[in-house]
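Numbered according to my numbering, the sequence shown spans residues 1 to 333.
Positions of the beta carbon are idealized from the N, C-alpha and C atoms, including for glycine.
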Amino acid sequence: MADPAGEGGLVKARPVVLIAAALVLLGGSLGYVLHARQRGDGPRLVAAESSFTLDAPGLYYRDGATGRVARSPGAADGPSCVRFYAAGDRALCLRALPGTPARTQAVVYDRRFTELQTVTVPGIPNRARVSASGHLLSWTTFAVGDSYAAGTFSTRTSILDLRTGYLVKSIESVPLTVDGTRYHAADVNYWGVTFAADDNRFYATVSTGGRTHLVEGDLKAWSARTLRENVECPSLSPDGTRIAFKKKVSADPEAPWRLHVLELDGLREHPLAESRSVDDQAAWLDGATLGYALPAREGRGTDVWSVPADGGGTPHLLVPGGSSPVAVAAAPD
């Protein structure tokens, strides 16, 4: 079990032993990252929980009845998660740990669901993403509150680079430029990271001063700049040219958002055929289709739906009782 990480504490990788860690000052107010080195000839791996793997390409999701990762069609035989995502040869599972205060365990798996590493952070599981290569992972937790619809919430978003072992515990330390001006404020919150194919650039939501913005971040330059206002939970298309997002279109706290797609070239946007309020980070199931979760039509929980990304067509029910949809490709060579 990984030790909880306090604001100044070290995060232990499971099951490897952490023997060296350094807080690296990235210049001025650039914040810090944690660099963990592993001892021995290689990490000792925790065996997969079952024979369930990501080897078969298709739609994977969290099954609401069991809380486990499932494949459509098929049984829910994967690990238990609150949020799930996979890409490349890695998968990310967010689990809510028991007890108070709330804590989240981020678990990194390979395609056979062999557990490679765990990180424990404060808060309630909320968003999970893996870069297309599987090298970068990000998760968001609610540190305060449990809904973006309410005005009183606080988030914590981390990025883990599996190539180096660097863990950015909170990307609030990234220097932010808003409308061309360097920006400082105590109420800055980031959430909903999505990665570009270069494993350097990322997009996310930043909230401050009662407004939300789409930001483009650069890990190497350790900087972020706003691109457009009123963009939440971005999801970059496979070709890197479009961002799906939820846009606030109403003051009604029960139905504030509508899914849109933004063209990065020219920043033109259009609404999608899904007119219901979607509080989710939509996933690109292919270059033309988005998947997302909506409250279930009957009972509690959510269902997985899809809708064309071009604004046409109609929404389609994919998985009753599902959430966290992700289209997994064949294993990389």
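- Thr66: not part of any beta strand (DSSP E); DSSP gives it neither H nor E.
- Annotation: Gly210 to Phe52 spans about 44 Å, alpha carbon to alpha carbon.
- Looking from the CA of Ala331, the closest CA among Arg68, Val82, Asp77 and Ala86 belongs to Ala86.
- Here the segment 294 to 313 makes no contact with the segment 93 to 102; the two share fewer than three CB pairs at distances below 8 Å.
- Distances from the CA of Ser207 to each of Asp199, Asp55 and Leu176 were compared; the closest alpha carbon is that of Leu176.
- In the three-state reduction of the DSSP assignment, Glu172 falls in the helix class, which pools H, G and I.
- In terms of CA proximity to Asp303, Ala65 leads the group Gly58, Asn230 and Ala65.
- Counted as a single uninterrupted DSSP element, the stretch harbouring Val278 is not any beta strand (DSSP E), since DSSP gives it neither H nor E.
- Sorting Arg62, Asp265 and Ala149 by C-alpha distance to the C-alpha of Ala251 places Ala149 at the top.
- Setting aside the 5 residues that flank it on each side, Asn230 is surrounded in the same chain by Thr212, Lys247 and Lys248, each with a C-beta closer than 7 Å to its C-beta; the list follows chain order.
- When DSSP reads this structure, Ala87 sits in a beta bridge with Arg90.
- Under the rule that a run must span 3 or more residues, the beta strand (DSSP E) segments found entirely inside the segment 249 to 319 read 257 to 263, 268 to 271, 283 to 286, 289 to 295, 302 to 308 and 316 to 319.
- In this structure Asp179 is exposed. Its beta-carbon is surrounded by fewer than 16 other beta-carbon atoms within 10 angstroms.
- Per DSSP, Leu219 lies in no beta strand (DSSP E) segment and is marked neither H nor E.
- Cβ contact annotation for Val82 (same chain, cutoff 7 Å, sequence separation greater than five): Leu94, Arg95, Ala96 and Pro125, in chain order.
- Under the three-pair Cβ rule at 8 Å, the segment 149 to 165 counts as touching the segment 111 to 130.
- Looking only at Asp110, Pro73 and Ser235, the smallest Cα-Cα distance to Ala283 is reached by Ser235.
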